[in-house]
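Encoded as structure tokens, the structure appears first; notes follow it.
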Amino acid sequence: MNGTSARLTLLLGAVALGSLSGCIVEQVNRGSGRYLLPETSGEPDVESNDLGARFQWNSLGFVDYDDFSIPLVSPDGTLIAVRAGAPPKWPAILGTPDAEPTSAAWFRIYEIDETRGVQVRHEQRRPWLLGRATDERGFLVEEPLPDGGRRIGRVDWKTGEVSWLIDEGFVDAFATISADGTLAWSRRSIEQPAFDLMVRRGDGIGTWKLPAKWERSWIDPVLSPDGRTLFALRRGDGTVELGWSRLTDESRFKDGISTHGISIRTTPRRVHAMLAPQVGAASPPGRSARILFLHPDLGRLVEWSPRSDLARPFPRGVINAAMVDEDQGLATTAESLLLTRLADGTGRPPSSLRLTEEPAIPRQRGGSNEDLLLFRPADGRYEILNARLPETSGVRNLELPKS
4 MNGTSARLTL
14 LLGAVALGSL
24 SGCIVEQVNR
34 GSGRYLLPET
44 SGEPDVESND
54 LGARFQWNSL
64 GFVDYDDFSI
74 PLVSPDGTLI
84 AVRAGAPPKW
94 PAILGTPDAE
104 PTSAAWFRIY
114 EIDETRGVQV
124 RHEQRRPWLL
134 GRATDERGFL
144 VEEPLPDGGR
154 RIGRVDWKTG
164 EVSWLIDEGF
174 VDAFATISAD
184 GTLAWSRRSI
194 EQPAFDLMVR
204 RGDGIGTWKL
214 PAKWERSWID
224 PVLSPDGRTL
234 FALRRGDGTV
244 ELGWSRLTDE
254 SRFKDGISTH
264 GISIRTTPRR
274 VHAMLAPQVG
284 AASPPGRSAR
294 ILFLHPDLGR
304 LVEWSPRSDL
314 ARPFPRGVIN
324 AAMVDEDQGL
334 ATTAESLLLT
344 RLADGTGRPP
354 SSLRLTEEPA
364 IPRQRGGSNE
374 DLLLFRPADG
384 RYEILNARLP
394 ETSGVRNLEL
404 PKS
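First residue of the sequence shown? That's 4 in this note's numbering, and the numbers climb one at a time after it.
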């Protein structure tokens, strides 16, 4: 494993956390609903063809980062937000009661231009954590406070100024925001360890609360692009569940929450690693709401949708992905970058083609299926690359190996 591969594996908290290889068809009945894992023991090896030679990518430059945080991309793909300096400590990352104020770090907004490369638009040194989402107005940040509280802000793309969206004397953390301004986050009192799940509707209807139960915390909410669906993790003592509900009204949100058991032998750091690699890309557009997460027991990325109730695994070793259509995505392993297609039925394995021999974190750029940004970690810096999938065949018509 070369230096870039090792850094990427550590950055994404990959399978070094301890995981199982392979999986079998398994119906899990922990909590309400079921959770079906397809058979993948017979999946083919990764293949290569001339697609890699036709995969276009070029370097736009390097940016410093904190050896931990993944950059956030603006919805139009022209700006990125990067945190540089000392990495945050685990109590702050996990929002535990022993968390202390974070040391100041550099927060930089870069403009991405294919001709001029990567250019700094704004920079400031602040005691913040980089948040989990962006909208057209800015990117989210969070600040642990001296009294044990925590607040959530949004930094304006144009001015670099911060507006504090949630600052009410609680520990408010793990926020995400949707295109319509709906905000979802986790909240606990300074004295209590368990997080409630909060939603503030962008249409001004109000703020909703789903209380924690049995000392299990609601964390890392994800808002689907459909504007109607919310996902969240529920973390207990060694356990984690995936929850989802609709946002059509307060009663549907609170009373209609459904949970699916994911693991009964995990740790807070492994739970954090479930969604951290997918920050900003955890719920891609599609025919129905869906979520991508790193399964703590399978050691690979999976896609799950309430519509099918089926967890579709990515190929072995995949720890990060950016979907380019309903079934295909650009995926990262510790060794390479793949174009992968998820299986279309129970018991069928995914298939993939190798694009490059070097790993990088992919993100869609401006909503285009073919245009992407790649972040390649290198000695405390990211190399920023602009990438484009081959135009001649069209990504939807690419011939991948048959399952």
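No residue lacks a Cβ here, since even glycine has one placed at the ideal position from N, Cα and C.
Item: Who are the Cβ neighbours of Phe-256 in its own chain at under 8 angstroms, not counting the five residues just before and after it?; Value: Val-202, Trp-211, Leu-213, Leu-233, Ser-248, Arg-249, Leu-250
Item: Who does Ala-87 pair with in a DSSP beta bridge?; Value: Trp-109
Item: Determine the direct distance from the alpha carbon of Val-66 to that of Tyr-385, and round the result to whole angstroms.; Value: 5 angstroms
Item: Starting from the Cα of Ala-284, find the closest Cα among Gly-64, Ala-346, Pro-74, Ser-62 and give me that residue.; Value: Pro-74
Item: So the candidates are Ala-292, Thr-335, Val-327; which of them puts its Cα closest to the Cα of Ala-314?; Value: Ala-292
Item: What are the uninterrupted segments assigned as beta strand (DSSP E) that are 3 or more residues long and contained completely in the region 236 to 284, given in chain order?; Value: 243 to 249, 261 to 266
Item: Following the continuous beta strand (DSSP E) through Pro-149, name the residue where it begins and the one where it ends.; Value: Neither: Pro-149 is in no beta strand (DSSP E) and is coded neither H nor E.
Item: Output the boundary residues of the beta strand (DSSP E) element that contains Ile-193.; Value: No beta strand (DSSP E) contains Ile-193, which DSSP labels as neither H nor E.
Item: Taking its Cβ as the centre, do 16 or more other Cβ atoms sit within 10 Å of Trp-307, making it buried, or is it exposed?; Value: buried
Item: Taking contact to mean 3 or more Cβ pairs, one atom from each stretch, closer than 8 angstroms, check whether the region 82 to 100 and the region 351 to 364 are in contact.; Value: no
Item: Output needed for Leu-377: all residues of its chain with C-beta closer than 6 angstroms, excluding positions within five of it in sequence on either side, in chain order.; Value: Ala-363, Pro-365, Leu-388, Ala-390
Item: Would you call the region 168 to 177 in contact with the region 148 to 156, where contact means no fewer than 3 C-beta pairs closer than 8 angstroms?; Value: yes
Item: How would you call Asp-223, buried or exposed, if buried means at least 16 neighbouring beta carbons within 10 angstroms?; Value: buried
Item: Which full runs of the beta strand (DSSP E) of 3+ residues lie inside the region 161 to 224, going along the chain?; Value: 165 to 169, 174 to 180, 186 to 191, 199 to 203, 210 to 213
Item: Could you check the C-alpha separation between Glu-164 and Ala-108 for me, to the nearest Å?; Value: 16 angstroms
Item: Look up Trp-93 in the DSSP assignment and say whether it is helix, strand or coil.; Value: helix
Item: Would you list the residues sitting across from Pro-309 in a DSSP beta bridge?; Value: Pro-309 pairs with nothing; no bridge assigned.
Item: Using CA coordinates, which residue listed in Pro-287, Glu-338, Leu-97 is at the minimum distance from Glu-329?; Value: Pro-287
Item: Would you check whether the ligand FMN has a heavy atom nearer than 7 angstroms to the C-beta of Val-174?; Value: The ligand content of the structure shown is nil, which means the ligand FMN is not present either.
Item: Under the assumption that Glu-145 contacts Ala-178 (Cβ atoms under 8 angstroms), give the Cβ distance between them as a whole number of angstroms.; Value: 7 angstroms
Item: My understanding is that Arg-157 touches Thr-185, with C-beta atoms under 8 angstroms, so please give their C-beta distance in whole angstroms.; Value: That belief does not hold up - the Cβ atoms of Arg-157 and Thr-185 are roughly 13 angstroms apart, past 8 angstroms.
Item: Would you mind sorting Ile-112 into buried or exposed? The rule is 16 or more other CB atoms within 10 Å of its CB.; Value: buried
Item: For Asp-374, I'd like the list of residues in its chain whose CB is within less than 6 angstroms of its CB, leaving aside the five on either flank, ordered along the chain.; Value: Arg-368, Arg-391
Item: Is it buried or exposed for Gly-21, if we count other Cβ within 10 angstroms and need 16 for buried?; Value: Here Gly-21 scores only 34 on pLDDT, less than 50, and its place in the model should not be relied on; the value that follows carries that caveat. Exposed, because fewer than 16 other Cβ atoms sit within 10 Å of the Cβ of Gly-21.
Item: Look up Glu-114 in the DSSP assignment and say whether it is helix, strand or coil.; Value: strand
Item: Following the continuous beta strand (DSSP E) through Phe-317, name the residue where it begins and the one where it ends.; Value: Taken as a continuous stretch (DSSP letters only), Phe-317 belongs to no beta strand (DSSP E), as it is neither H nor E.
Item: Looking at C-alpha atoms only, which residue of Thr-105, Trp-60, Ser-181, Ala-215 is the closest neighbour of Asp-229?; Value: Ser-181
Item: Work out the CA separation of Gly-207 and Pro-280 for me, nearest whole Å.; Value: 31 angstroms
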